[in-house]
Amino acid sequence: MTRRAPCLFLSPRRHAYRFGAALLLGVCLLGKVAYAEEFAYSVQFGIAEQYLPLLRNHLDIVRWQNNSDMNAGQLQRLYRAAPEQIRALLATEGFLDPQIHPRISEASGEWSVAFDIDPGPPVEVATLQLELRGALADGADRAAWEQRLQSHFALKPPQRFRQDDWDSAKKRTLAQLLVDSYPLARIVDSEARLDPATHKADLYVAIDSGPLVTLGDIAVEGLQRVPLQVIQRLTRIERGNRYSQSALLDFQSALQATPYFASVLVDVSPSADAPEFTPIRVKVKEAQMQRVGFGVGYNTNAGARFEVNYQHSNLAERGWILAANTSIETRRQFAEIKLAAPQTAKAYTDSVFLNSERSHIQGVDSQLNKLGVSRERDTGVIKTVQALSYEREWSQVGDTEGSSRKQALVASYGWTRRDLDHPVLPNSGNVIALRLAGAARNISSDTSFVHAVGRVGLYGRLPHDWGYLLLRGEAGQVSAERVAGVPSAWLFRVGGANSVRGYEYQSIGIEQNGAVTGGEVEATGSVEYQHPFAPNWRWAAFVDAGDAARNWQDFSPKRGYGMGVRWLSPVGSIAADLAFGEPVQQWRMHIAIGLAF
Numbered sequence: 007m008t009r010r011a012p013c014l015f016l017s018p019r020r021h022a023y024r025f026g027a028a029l030l031l032g033v034c035l036l037g038k039v040a041y042a043e044e045f046a047y048s049v050q051f052g053i054a055e056q057y058l059p060l061l062r063n064h065l066d067i068v069r070w071q072n073n074s075d076m077n078a079g080q081l082q083r084l085y086r087a088a089p090e091q092i093r094a095l096l097a098t099e100g101f102l103d104p105q106i107h108p109r110i111s112e113a114s115g116e117w118s119v120a121f122d123i124d125p126g127p128p129v130e131v132a133t134l135q136l137e138l139r140g141a142l143a144d145g146a147d148r149a150a151w152e153q154r155l156q157s158h159f160a161l162k163p164p165q166r167f168r169q170d171d172w173d174s175a176k177k178r179t180l181a182q183l184l185v186d187s188y189p190l191a192r193i194v195d196s197e198a199r200l201d202p203a204t205h206k207a208d209l210y211v212a213i214d215s216g217p218l219v220t221l222g223d224i225a226v227e228g229l230q231r232v233p234l235q236v237i238q239r240l241t242r243i244e245r246g247n248r249y250s251q252s253a254l255l256d257f258q259s260a261l262q263a264t265p266y267f268a269s270v271l272v273d274v275s276p277s278a279d280a281p282e283f284t285p286i287r288v289k290v291k292e293a294q295m296q297r298v299g300f301g302v303g304y305n306t307n308a309g310a311r312f313e314v315n316y317q318h319s320n321l322a323e324r325g326w327i328l329a330a331n332t333s334i335e336t337r338r339q340f341a342e343i344k345l346a347a348p349q350t351a352k353a354y355t356d357s358v359f360l361n362s363e364r365s366h367i368q369g370v371d372s373q374l375n376k377l378g379v380s381r382e383r384d385t386g387v388i389k390t391v392q393a394l395s396y397e398r399e400w401s402q403v404g405d406t407e408g409s410s411r412k413q414a415l416v417a418s419y420g421w422t423r424r425d426l427d428h429p430v431l432p433n434s435g436n437v438i439a440l441r442l443a444g445a446a447r448n449i450s451s452d453t454s455f456v457h458a459v460g461r462v463g464l465y466g467r468l469p470h471d472w473g474y475l476l477l478r479g480e481a482g483q484v485s486a487e488r489v490a491g492v493p494s495a496w497l498f499r500v501g502g503a504n505s506v507r508g509y510e511y512q513s514i515g516i517e518q519n520g521a522v523t524g525g526e527v528e529a530t531g532s533v534e535y536q537h538p539f540a541p542n543w544r545w546a547a548f549v550d551a552g553d554a555a556r557n558w559q560d561f562s563p564k565r566g567y568g569m570g571v572r573w574l575s576p577v578g579s580i581a582a583d584l585a586f587g588e589p590v591q592q593w594r595m596h597i598a599i600g601l602a603f
């Protein structure tokens, strides 16, 4: 017997019934969703504004405010739980007995919740007890450490107790041991006893210093071509020195600042079982030993520029640094080769150099050759340069027939202090620089002379976002038996960008045979105001003044003033200025990059 598959058949009446039921169910569901979406309530707090973020960020009744599952029953439950949560939160701020007056109301389907809160008197720290355990407890410097930790504890009588301050104070106190001599220190016990009746807190912290850790030999990983001596020369850490995190970081920074390594990691793994002479692990990745760089540029002082730089960071695999560079500009051509020894632990770099410079500026043709030795030290804020150089200069001034030749064995010293909020785009801070130099007649010199010059640059923000103010000043003098025998590099000419704007580059000096030569005294000053008008853009207004003369009696400042724009590029401030020089009665454009110093 054949069975037929069942089939579904709905009569028109039954079909209409089921359709209506489904429609009714859908309307009910939509109504439920709409009702959930429409349920809303407001929460208000009557308390000082400084505590509002604490309550709004942590109270459940606030955090659930926009939840789609909220309803009147849920709100009532959160409302009843809120006072206890408020008390717990205010206790972290040092308030143990707050008076809380809650209110809840509903009108036309809109719910409102409010909490009037009187925090009451705060808990103040009454006593602080620090207990030292471990090797430090029996050490000779226990008293010094106790005084140091007690005086630097961030939460002490009679400050208000706050839980965050309490946690932070313990961490900072422990950190003082972790970074100096005791890297295995730990907090073994701590307690804050708060008395609601007296509103006082008694604090107790017990710290186990662990063993005294000393540093041992340096173990280097990753050296292939650079000699180990390069790393050893850069450390001030001696075997047996106490552990010092800052000393290890300084060592790492000194290594990273050299051209030898692409990456450096200095670390130790102290052990409680063997804390003495902990090995210093130095992991390095060597950088490319030879580099070639090219550059192009332009400024109104020297014109267009093309330069090539070459550096070998490990000559003869002895860590010597060979640097050669040449720069070709419209008015000046320069070439130098320098060989430097690896830097020492005290940041000294000794080098020998040979350079040659040829220039044609303000009618003076000159060529200056130098051979010398130098010692530089750069600690980040202060840089010093000591040098002894033999210099020979050939020059021709204006339409003078023939040329002059000069020679000098010059000892020089330069000192620069840079305290700026940014190395290339400063908004505040100062730069101070001094330079002294001299030569003695008959010691490979045509004449005896002393050269001295000082510079000051100040950068500051004006109040109320009014902009920025830049002040610059410079003054110098040369005393010589015979000025005609002093190489021109040690005399003074001013004018141009970063000097006195509104005048050609080095056009202010001693006029001689249709040319401008250097004077024995000089002074310049500048006041500049900058105001932002777009991201990384500022307009500027400035006044410059200065002169270079034979003596101070002949000194007569030339003024220049104007306006310009500044683009704060990643490589420094690029300035374009239009300046008017008063005596010459001319407008002149100046373009420069870098600090106006």
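First residue of the sequence shown? That's 7 in our numbering, and the numbers climb one at a time after it. For every residue, glycine included, the Cβ atom is placed at its ideal position computed from N, Cα and C.
Residue range of the unbroken alpha helix (DSSP H) whose run includes residue i
{"i": "S174", "result": "Q169 to L184"}
{"i": "Q349", "result": "Premise fails: Q349 is in no alpha helix (DSSP H) and is neither H nor E."}
{"i": "L221", "result": "Unbroken run through L221 is the beta strand (DSSP E), L221 to E227; no alpha helix (DSSP H)."}
Nearest candidate by alpha-carbon position, reference residue i, set the options
{"i": "F267", "options": "K564, V236 and S74", "result": "V236"}
{"i": "F45", "options": "S362, L58, F51 and Q80", "result": "Q80"}
{"i": "L229", "options": "L271, A529 and A94", "result": "L271"}
{"i": "A393", "options": "D371, R441, V462 and S532", "result": "R441"}
{"i": "G408", "options": "A414, L415 and W400", "result": "W400"}
{"i": "V379", "options": "G386, V387 and T355", "result": "T355"}
{"i": "S252", "options": "A278, L476 and L184", "result": "L184"}
{"i": "E382", "options": "A554, Y396, V358 and E397", "result": "V358"}
{"i": "S450", "options": "P432, A503 and Y396", "result": "Y396"}
{"i": "V533", "options": "E588, A521, S494 and Y465", "result": "Y465"}
{"i": "F257", "options": "V290, W421 and Q153", "result": "V290"}
{"i": "P469", "options": "G420, F455 and S434", "result": "S434"}
{"i": "D279", "options": "I92, A141, L584 and A521", "result": "A141"}
Closer than 6 Å: residue i CB and nearest the ligand HEM heavy atom
{"i": "R338", "result": "The ligand HEM is absent from the structure shown, which contains no ligand whatsoever."}
Residue range of the unbroken beta strand (DSSP E) whose run includes residue i
{"i": "I237", "result": "Here I237 belongs to no beta strand (DSSP E); instead the alpha helix (DSSP H) covers L234 to R239."}
{"i": "I193", "result": "R192 to D201"}
{"i": "I580", "result": "G578 to G587"}
{"i": "G520", "result": "No beta strand (DSSP E) contains G520, which DSSP labels as neither H nor E."}
{"i": "L426", "result": "S410 to L426"}
{"i": "A598", "result": "Q592 to I599"}
{"i": "Q402", "result": "I388 to V403"}
{"i": "D384", "result": "V370 to D384"}
{"i": "Y567", "result": "K564 to S575"}
{"i": "Y474", "result": "Y474 to A486"}
{"i": "W543", "result": "W543 to A555"}
{"i": "F257", "result": "Per DSSP, F257 belongs to no beta strand (DSSP E); it is in the alpha helix (DSSP H), Q251 to Q262."}
Close Cβ partners of residue i (< 7 Å) along its chain, the five nearest in sequence each way excluded
{"i": "R337", "result": "A308, G309, S365, H366 and I367"}
{"i": "L155", "result": "L136, T179 and Q182"}
{"i": "Q591", "result": "none"}
{"i": "L36", "result": "Confidence at L36 is low in this model, with a pLDDT of 41, below 50, so its placement is unreliable and the value that follows should be read with caution. If we look at L36 and ignore the five residues flanking it on each side, it has no Cβ neighbours."}
{"i": "G491", "result": "K412, D452 and T453"}
{"i": "H537", "result": "G473, R544 and W545"}
Counted within 10 angstroms of its Cβ, other Cβ atoms place residue i as buried (16 or more) or exposed
{"i": "A150", "result": "exposed"}
{"i": "V500", "result": "buried"}
{"i": "L209", "result": "buried"}
{"i": "S17", "result": "Here S17 scores only 41 on pLDDT, less than 50, and its place in the model should not be relied on; the value that follows carries that caveat. Label assigned to S17: exposed."}
{"i": "F283", "result": "exposed"}
{"i": "Y474", "result": "buried"}
{"i": "W472", "result": "exposed"}
{"i": "W172", "result": "buried"}
{"i": "R478", "result": "buried"}
{"i": "H205", "result": "buried"}
{"i": "F312", "result": "exposed"}
{"i": "F101", "result": "buried"}
Whole-angstrom C-beta distance between residue j and residue i, which should lie under 8 Å
{"i": "E130", "j": "A207", "result": "7 Å"}
{"i": "L180", "j": "G216", "result": "Contact doesn't hold; Cβ gap of about 11 Å is too wide."}
{"i": "P281", "j": "L218", "result": "6 Å"}
{"i": "E342", "j": "L360", "result": "7 Å"}
{"i": "A445", "j": "V416", "result": "5 Å"}
6 Å Cβ shell around residue i - same chain, five flanking residues per side excluded
{"i": "I597", "result": "N305, T306 and A582"}
{"i": "Q105", "result": "D124"}
{"i": "Q339", "result": "R364"}
{"i": "T98", "result": "Q169"}
{"i": "T385", "result": "A353"}
{"i": "S562", "result": "D553"}
Close-in-space but distant-in-sequence residues of the same chain around residue i (CB under 8 Å, 5 per side omitted)
{"i": "V68", "result": "V49, L61 and R62"}
{"i": "E292", "result": "G228, L229, Q230, R231, V232, Y266, F267 and A268"}
{"i": "E526", "result": "Q483, V484, S485, A486, V489, L497, F498, A555, R556 and N557"}
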